[in-house]
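To start, the structure under review is shown below, and the notes come after it.
There are 2 protein chains.
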Amino acid sequence: MATAIQTDEEGPVRSPGGSAANPSLRLWLRLLSCTTIAEKRLRRRLAEQFDTTLPRFDVLAALEREPAGLAMSELSQRLLVSNGNVTAVVQQLARLGHVSVSKPEHDRRSSIVSMTDQGRAHFDMVAREHHGWIEQMFAGVRAADRDQLYALLAVVRTSLDQSEEC
Amino acid sequence: MATAIQTDEEGPVRSPGGSAANPSLRLWLRLLSCTTIAEKRLRRRLAEQFDTTLPRFDVLAALEREPAGLAMSELSQRLLVSNGNVTAVVQQLARLGHVSVSKPEHDRRSSIVSMTDQGRAHFDMVAREHHGWIEQMFAGVRAADRDQLYALLAVVRTSLDQSEEC
DNA sequence: CGTTGACGTTTCAAGCTTAAAGTTTTAACC
DNA sequence: GGTTAAAACTTTAAGCTTGAAACGTCAACG
Numbered sequence: 001m002a003t004a005i006q007t008d009e010e011g012p013v014r015s016p017g018g019s020a021a022n023p024s025l026r027l028w029l030r031l032l033s034c035t036t037i038a039e040k041r042l043r044r045r046l047a048e049q050f051d052t053t054l055p056r057f058d059v060l061a062a063l064e065r066e067p068a069g070l071a072m073s074e075l076s077q078r079l080l081v082s083n084g085n086v087t088a089v090v091q092q093l094a095r096l097g098h099v100s101v102s103k104p105e106h107d108r109r110s111s112i113v114s115m116t117d118q119g120r121a122h123f124d125m126v127a128r129e130h131h132g133w134i135e136q137m138f139a140g141v142r143a144a145d146r147d148q149l150y151a152l153l154a155v156v157r158t159s160l161d162q163s164e165e166c
Numbered sequence: 001m002a003t004a005i006q007t008d009e010e011g012p013v014r015s016p017g018g019s020a021a022n023p024s025l026r027l028w029l030r031l032l033s034c035t036t037i038a039e040k041r042l043r044r045r046l047a048e049q050f051d052t053t054l055p056r057f058d059v060l061a062a063l064e065r066e067p068a069g070l071a072m073s074e075l076s077q078r079l080l081v082s083n084g085n086v087t088a089v090v091q092q093l094a095r096l097g098h099v100s101v102s103k104p105e106h107d108r109r110s111s112i113v114s115m116t117d118q119g120r121a122h123f124d125m126v127a128r129e130h131h132g133w134i135e136q137m138f139a140g141v142r143a144a145d146r147d148q149l150y151a152l153l154a155v156v157r158t159s160l161d162q163s164e165e166c
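Sequence lines, in order, name chains A and B.
According to UniProt numbering, the residues represented by the first sequence are 1 to 166, in order.
According to UniProt numbering, the residues represented by the second sequence are 1 to 166, in order.
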């Protein structure tokens with residue numbers, strides 16, 4: 001449950017007194033509903049058209065620009081998920097032949113994950129479509145609005161980072 | 001894996017040619033990273049401070065304003081999740097005594113889910129904190145920026161809805 | 001009354017996700 | 001060389017999530 005309420009202006013809210021009395025909550029619900037709708041659509045299409053999943057796509061996207069591969073913990077940090085999650089998804093990708101996992105000589109605790117040729121072929125194909133889906137979803141947003149949103153979300157991001165240290 | 005890249009300006013992107021060449025993709029990644037960071041924080045705090053989960057909170061939030069309760073499929077629609085998911089979460093909440101499930105006389109296919117007194121007491125306590133967490137996360141966003149973001153996200157939402165019909 | 005299609009929910013298999021425990025390895029220290 | 005704490009990853013249990021199949025129920029129709 002991605003915590004998205006179907007109609008954030010009219011639906012139930014997570015606070016006594018309703019979201020009309022709480023603009024931050026309203027903003028949060030709208031942010032969440034936009035992201036959830038887009039994400040579920042991407043997930044559905046990846047499954048239907050390429051028989052893959054968003055987490056697998058994310059791992060390949062992270063590896064795409066790293067010919068030397070990445071360590072498991074580096075993947076975990078970049079993708080903002082737990083080590084255990086990375087382990088499971090990488091194992092799936094290895095089973096599919098899309099990545100290979102090796103142990104560096106200098107530190108046998110580590111594992112280095114690299115994209116295989118097969119993985120790259122798959123990723124290139126999927127990424128092209130993914131790219132188009134994103135364009136399509138944001139097609140109704142004017143360039144000026146898009147750029148302004150981008151800037152405003154940087155403010156949100158800063159606010160989030162600062163509030164974490166409280 | 002919530003598909004959030006840690007540093008969307010610098011990190012790997014899901015498209016050949018990089019996100020710098022693709023402002024919609026950059027916007028998407030930033031939208032996603034902001035939402036993911038906030039969501040994971042809420043999930044973590046709900047688990048640590050109240051021993052509950054975001055989906056359970058969502059169900060209670062949906063029920064909070066419905067003294068007569070809601071049908072399972074109504075919950076599914078409002079929360080934008082599958083019927084199967086609602087079944088599992090409601091069963092957990094029933095086990096905890098936070099909701100009760102009854103069968104209406106007029107349609108024995110349906111189940112009506114209502115919040116119990118115990119559930120309401122729990123929800124009121126949690127919602128108060130949740131409210132404060134949201135305020136804190138968005139504290140660094142000026143009111144004018146927040147309102148503008150809210151309006152711009154409505155444009156995004158419309159774009160998403162329109163592109164679905166393609 | 002029997003048939004049939006649709007409804008509403010539950011069950012299922014598969015994948016994702018977390019936090020914590022477990023295991024192996026490394027490196028600092030004495 | 002032995003001890004110890006930390007690193008890096010894997011495993012585990014628990015919860016969430018989807019889409020489809022299964023099941024019981026409802027209502028329209030002949």
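Glycine included, C-beta positions come from ideal geometry on N, C-alpha and C.
Nothing here was measured: the structure is a model prediction, and the numbers come from that model.
Name the DSSP beta bridge partners of residue i, please?
| i | result |
| --- | --- |
| Met115(B) | Val99(B) |
What residue from the options has the CA that sits closest to residue i's CA?
| i | options | result |
| --- | --- | --- |
| Phe123(A) | Asp147(A), Leu63(A), Ser102(A), Ile134(A) | Leu63(A) |
| Arg78(B) | Arg41(A), Pro104(A), Thr36(A), Gly69(A) | Thr36(A) |
| Ala71(B) | Pro104(B), Ala127(B), Asp147(B), Met137(B) | Pro104(B) |
| Leu152(B) | Val101(A), Arg146(A), His98(A), Ala154(A) | Arg146(A) |
| Gly132(A) | Ala143(B), Ser163(B), Gln148(B), Gln136(B) | Ser163(B) |
| Gln49(B) | Leu75(B), Glu129(B), Asn83(B), Val141(B) | Glu129(B) |
| Arg44(A) | Ser159(B), Ala94(B), Val81(B), Val155(B) | Val81(B) |
| Ala127(A) | Arg56(A), Glu74(A), Leu32(A), Leu93(A) | Arg56(A) |
| Asp51(A) | Leu96(A), Tyr150(A), Ala68(A) | Leu96(A) |
| Met137(B) | Leu31(B), Leu29(B), Arg41(B) | Arg41(B) |
| Ser76(A) | Ala68(A), Gln92(A), Asp58(A) | Asp58(A) |
| Ala143(A) | Glu39(B), Cys34(B), Ser100(B), Val156(B) | Val156(B) |
| Arg120(A) | His98(A), Gly140(A), Leu46(A) | His98(A) |
| Leu160(B) | Ala154(A), Asp161(A), Leu149(A), Ala139(A) | Ala139(A) |
| Leu60(A) | Gln92(A), Ala38(A), Cys34(A), Ile134(A) | Gln92(A) |
| Met125(B) | Pro67(B), Gly69(B), Leu46(B) | Leu46(B) |
| residue 181(B) | Asn83(B), Arg65(B), Glu66(B) | As displayed, chain B neither begins before 1 nor continues past 166, which places residue 181(B) out of reach and without an answer. |
| Leu54(A) | Arg30(A), Leu29(A), Thr158(A), Ala38(A) | Ala38(A) |
State the start and end residues of the unbroken alpha helix (DSSP H) segment that holds residue i.
| i | result |
| --- | --- |
| Phe57(B) | 54-63 |
| Asp145(A) | 143-164 |
| Val50(B) | With the sequence shown as reference, residue 50(B) is identified as Phe, and Val is not the correct amino acid for it. 23-50 is the extent of the alpha helix (DSSP H) around Phe50(B). |
How is residue i classed by DSSP in three states: helix, strand or coil?
| i | result |
| --- | --- |
| Leu70(B) | strand |
| Asp124(B) | helix |
| Gly140(A) | coil |
| Arg78(A) | helix |
| His130(B) | helix |
| Glu105(B) | coil |
| Val90(A) | helix |
| Pro12(A) | Note that Pro12(A) scores a pLDDT of 39, beneath 50, so its modelled location is shaky; the value from the coordinates is reported in the next line. Coil at Pro12(A), not helix or strand. |
| Gly84(A) | helix |
- Count the C-beta pairs between the region 19-34 of chain B and the region 69-88 of chain B that are closer than 8 Å, then say yes if the count reaches three, no if not. Contact fails: fewer than three Cβ-Cβ distances are below 8 Å.
- Message: Check whether the region 109-118 of chain B and the region 98-117 of chain A are in contact - that is, three or more C-beta pairs closer than 8 Å.
- Response: no
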